[in-house]
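Chains as they are written, first to last, in the numbering used here: chain A, -5 to 450; chain B, -5 to 450.
Single-structure report; data block below.
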C-alpha cells in the first residue's frame, strides 16, 4: 500500500475520534464580531495551537494583531520540497436568529449525514479536516511537503487586520503555494474549484431626522420620516433592470470572456435547484446575465440589515429620530472598495433630500481576485479532487469574499488554491449551519492526495 | 370669595401634595403594549380607583375588557344639573430608546418648570390635574355638575376594546358632555381647543424572501433581498409631491373650507419654531398645504418602525430571510380605516414583485372626527381657558388620534370637548417626556372654571 493510501486508510480508521475532536472546537462560540466573545476567541486560538503542538509543529505562536490573534505553526519535514501555506479562520458568524436553530448553535449535533453547529462548514470543519489529513500523513511516512499554517480570527469581519499582519510577516509566510481551505464545492458528487472571488465593501448608512423620536400624529406631515427617507435612498440604489445606480459602479467591472460564459453555462446547477434551496418564489437579479454570472462575475449591492423606530410587538405611533442600514457591495475584478465608498457618498450627496442628515461609516473591505487556472497547484488540486470524487472538478467563480486570497497574491506573489468542502446549502451565516459529513471525510482524502501530488 | 375662587385657592394651597401624589402614579410603568407590564397596568388602575374612592365617588369599578380594564366611578352631587363624562387613560407608551432619557422614565424628576417622566404629559398629569380640580370643588361647596369618570388602559394601543366597552355600557355612560382630558394647548401662554382629530390605521407589513437568512456573497445577485424589496415598496408609497400613492387614499378626504384655512393660517406657530423644536434641517410634507394643514387636516403615512437582518454592532454579510415594517396612516374626515386597509393591500397587490411574498397585519384603527365648535360645552371651555390664561383660545385641528372622540360621538351621541394642557414639545411618545408644571396648575384652575360654567 502506498503511503497515500495508508494515510487515507488511517484517516478512515480514526474518523470517529476526529469527529469528536471537531465537536470540541465547534462548542467554542468564537463569534469575532461580538466583544463579549473575546474570551471564546482566545479559547479557540489556544485549541488550535494545541492541535498543532500535538502534530509536532514547530514555531507555534498565537500572534497578536490589532484585533483577534493569528495562530501560526510550521512543519518542515521535506527538505528540498515545496512549502505550502495553509490558510483558515477560527472565527464564526453570529447566531441570530437564535430561535430558528433546531439544536443550539454551539451544541454540535449529528442528524443524518450532517453535523449541525455554527462554524461547522464555515469553516472549522474544513481546517480541522485538513489537520487530520496532515496527521494521517505524519503517521504514514511523513508529510511530503513543508507546511506553514496561518489561521486567523477575523475572516467573518472581513479580515481587517490580516493585511497588516501578512505585510509584517512576509518572510515568515514565504511559500510556494497557498492552500485556502475556506472554500466549498458544488454538490456532494461534484467537486469544483473556485478561480475567482468577489470582493466586499461594507457600510453603515445613518439617516438622522428630528433630534428625538416624535409623536407620529402631532408631527406626521411636517417632517421627513428618517425611515422613509432611508427606504427611498435604498430603493434608488437599483434601477428597474436590477443594476446598481451608484455613479461609476460598473466602470471597472471586468467583462467575462465568451469562454468563461460558456463554461459557467455548463455548470450543472439549475435555477430550479436554487429555488428549492432558497425557498424564494422567483429568482431575481441584474438583467442580461445568468444566475451563475450574477453571483460570480457581477457586482451586487445588498441590504444586510435595517433598523429604525419601534420594532417590538404591538403598536407605537412614533416618528423615529433616526434610521440605520447595513449595506454591502460584492465586488468583481477590477473594482476597488475605495472607489465604491466614494461612489456611495456621491450617490448620497446627489440623492439625499435636504430634509434629513446622513452619514456613512465604512466597516469592512476586501478586494476581488482572480487566480491562474492552469498552474501546478491547480493541476494538483484538479487531480486530487478527480481521484477522490471520481469526476473532474468544474471551475467556478465564487460570489463570496475571502480577503486573504487577494492579500497573498499581492504581498506574497502567490495564487491561493481554493480547496474546501462546504456545500451551497450548508446554511453558513444563517441558522442551522451544517457540515455534510461525507464531505468532511472526502475532504481529508483529497487533502492527503493534494499534498502528495504537490510534492512530486 | 366665590366657591370657584375658593376652589382655585384650595388647589394652589395643596399644590405640593398634589405634585407628590402625581409622582406616585408616574412611578408605575403602565406600558400597555408590553405584556410584561400587565401587573403594572393593574397597579395603575387600582391607584386610580383608590383616588376616586378618596374623593367620595360611588359605583367605582375596575371593569374588565378583552384587554386592560377600564376604571369607572360616579359622583352625583348636583341633582338637575348636567352630567359630564370625563375621559382619560392610565397607560403610557414604551420608553425606548431608554439610553436617551436624562433621568429614568419612571423616576419622576422635577427640573426647572418641568416634571420629567413617561406619562407625565400623556396623560397621567392631565387626568390627575382634573381629579385635583374636582377635589378642590368638593371642599368648597361641592361639584356643581354630576360626574362620571372613565379612564381606560389601552389608548396607546389605539383603544382596541373601548368601542365594545362603550357599546355595552351605553346606559351607564349616558351623559350630557364628554370632557376628554387627553389633549393639549399650543403654548404655555396660548390656550387652544381642538375641534378635529385625525384617525389612525396601523399595520405591520411583512416581506418574506428566502426561507432563512443566506450568505450575501453566495446568494447575492440571485434572489431579491427582502429588506430591499420592502424599502422599494415603502419608497413607492409617496410620490414626488409628498402625496400618498395608495389607490383612492384621498378620495374621501374632506376639503378644508376657506374659513378654516384662514383660521389655521392665523395660528401663531411659526415654521422656525417647529424647526427648533424638532431639530430637523428642513420641514417636509405634502405639497400645496401649510404645515398646520398637513398635520391637522391632511392624511399622512408614516413608517413607525422597520427591521430586517443584522443590526447589532459590527459586520454580518447576511441576505435576510424577511423584513418587517410598522406603517401607520393618520386619517382625516371622512376617511375610513377599513378602506385604508383595502387600499394598502391593493397597493401591495399591484406593486409587490413576484420575487417575494408579503402579508399585512392590521394592528389598530381609530376613526377621524370633527366636533361642533359652537356648542354650550365648547363655549364653557372657551371661557374657562380665556379667564385662566388671559387670552382667548384658538381653534385647532389636531394631528394625533384619540379614538374615544369618534366613539362617544357615534355611540353616545355626544361631542367630546378636548381640554388638556400638554405642550407640543412635551416629548410624549419620545424620551424625556415632560409635564410643564405651570400648565398642570393652570389646568386645575381651568377645569374648576369649566365645571362651574357648564353647570350654569
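All C-beta atoms, glycine included, are put in the ideal place defined by N, C-alpha and C.
Source: prediction; values computed, not measured.
Where residue i sits in the DSSP three-state scheme
| i | result |
| --- | --- |
| residue 349 of chain A | coil |
| residue 374 of chain B | helix |
| residue 290 of chain A | helix |
| residue 412 of chain A | strand |
| residue 394 of chain B | coil |
| residue 242 of chain B | coil |
| residue 338 of chain A | helix |
| residue 271 of chain B | helix |
| residue 357 of chain B | strand |
| residue 231 of chain B | coil |
| residue 208 of chain A | strand |
| residue 83 of chain B | strand |
| residue 6 of chain A | helix |
| residue 75 of chain B | coil |
| residue 89 of chain B | coil |
| residue 249 of chain A | coil |
| residue 429 of chain B | strand |
| residue 470 of chain A | Residue 470 of chain A cannot be examined here, being either before or after the span of chain A that is shown, -5 to 450. |
| residue 254 of chain A | helix |
| residue 261 of chain B | coil |
| residue 222 of chain A | helix |
| residue 443 of chain B | helix |
| residue 284 of chain A | coil |
| residue 0 of chain A | helix |
| residue 369 of chain A | coil |
| residue 417 of chain A | coil |
Distance between beta carbons of residue j and residue i, contact taken as under 8 angstroms
| i | j | result |
| --- | --- | --- |
| residue 70 of chain B | residue 143 of chain B | The Cβ separation is near 12 angstroms, so there is no contact. |
| residue 354 of chain B | residue 243 of chain B | Rounded, the Cβ-Cβ distance is 15 angstroms, inconsistent with contact. |
| residue 213 of chain B | residue 298 of chain A | About 12 angstroms; that fails the 8 angstroms criterion. |
| residue 156 of chain B | residue 311 of chain A | Going by Cβ atoms, the distance from residue 156 of chain B to residue 311 of chain A rounds to 16 angstroms, so no, they are not a contact pair. |
| residue 178 of chain A | residue 416 of chain A | 3 angstroms |
| residue 247 of chain A | residue 272 of chain B | Not a contact, Cβ separation roughly 43 angstroms. |
| residue 393 of chain A | residue 215 of chain B | 7 angstroms |
| residue 173 of chain A | residue 80 of chain A | 5 angstroms |
| residue 192 of chain A | residue 376 of chain A | Not quite, the Cβ-Cβ distance comes to about 23 angstroms (not below 8 angstroms), so this is no contact. |
| residue 206 of chain B | residue 421 of chain A | 7 angstroms |
| residue 296 of chain A | residue 313 of chain B | 6 angstroms |
| residue 379 of chain A | residue 107 of chain A | With 8 angstroms as the limit, residue 379 of chain A and residue 107 of chain A do not qualify as a contact, their Cβ atoms being about 20 angstroms apart. |
| residue 99 of chain B | residue 89 of chain B | 4 angstroms |
| residue 358 of chain B | residue 151 of chain B | 6 angstroms |
Counterpart residues of residue i in DSSP-defined beta bridges
| i | result |
| --- | --- |
| residue 389 of chain B | B:187 |
| residue 322 of chain A | A:196 and A:296 |
| residue 434 of chain B | Partner(s): none; residue 434 of chain B has no beta bridge. |
| residue 317 of chain B | B:201 and B:302 |
| residue 166 of chain B | None; residue 166 of chain B has no bridge partner. |
| residue 217 of chain B | B:214 |
| residue 278 of chain A | Looking at the DSSP assignment, residue 278 of chain A forms no beta bridge with any residue, so it has no partner. |
| residue 423 of chain A | Bridge partners of residue 423 of chain A: none, in fact. |
| residue 364 of chain A | A:190 |
| residue 312 of chain B | B:209 |
Pairing CB atoms from the stretch 8 to 16 of chain A with CB atoms from the stretch 414 to 426 of chain A, are three or more of them under 8 angstroms?
At 8 angstroms Cβ cutoff, the stretches do not touch.
Give the residues from the stretch 245 to 276 of chain A that approach chain D closer than 8 angstroms (Cβ to any Cβ), ordered along the chain.
Protein chains A and B are contained in the structure displayed, whereas chain D is not.
Uninterrupted beta strand (DSSP E) stretches inside the stretch 99 to 182 of chain B (no shorter than 3 residues):
103 to 105, 108 to 110, 140 to 146 and 171 to 174
Kindly provide the ranges of any beta strand (DSSP E) runs that are 3 or more residues long and lie completely inside the stretch 22 to 71 of chain A, ordered along the chain.
Correct list: 52 to 57 and 64 to 69.
Segment contact flag, the stretch 335 to 354 of chain A with the stretch 322 to 336 of chain B, C-beta cutoff 8 angstroms, min 3 pairs:
no
Do the stretch 102 to 120 of chain A and the stretch 10 to 29 of chain A make contact, defined as three or more Cβ pairs closer than 8 angstroms?
yes
Inter-stretch contact at 8 angstroms, needing at least 3 Cβ pairs: the stretch 402 to 419 of chain B / the stretch 116 to 133 of chain B
yes
Stretch-stretch touch, CB-based, cutoff 8 angstroms, three pairs: the stretch 60 to 69 of chain A with the stretch 34 to 44 of chain A:
Judged by Cβ distances under 8 angstroms, the stretch 60 to 69 of chain A makes contact with the stretch 34 to 44 of chain A, as three or more pairs qualify.
With three or more beta-carbon pairs closer than 8 angstroms as the criterion, would you say the stretch 224 to 242 of chain B touches the stretch 220 to 233 of chain A?
Counting C-beta pairs closer than 8 angstroms gives three or more between the stretch 224 to 242 of chain B and the stretch 220 to 233 of chain A, which meets the contact rule.
Whether or not the stretch 232 to 239 of chain A and the stretch 252 to 267 of chain A are in contact is what I'm after, with contact meaning three or more pairs of Cβ atoms, one per stretch, closer than 8 angstroms; do they touch?
no
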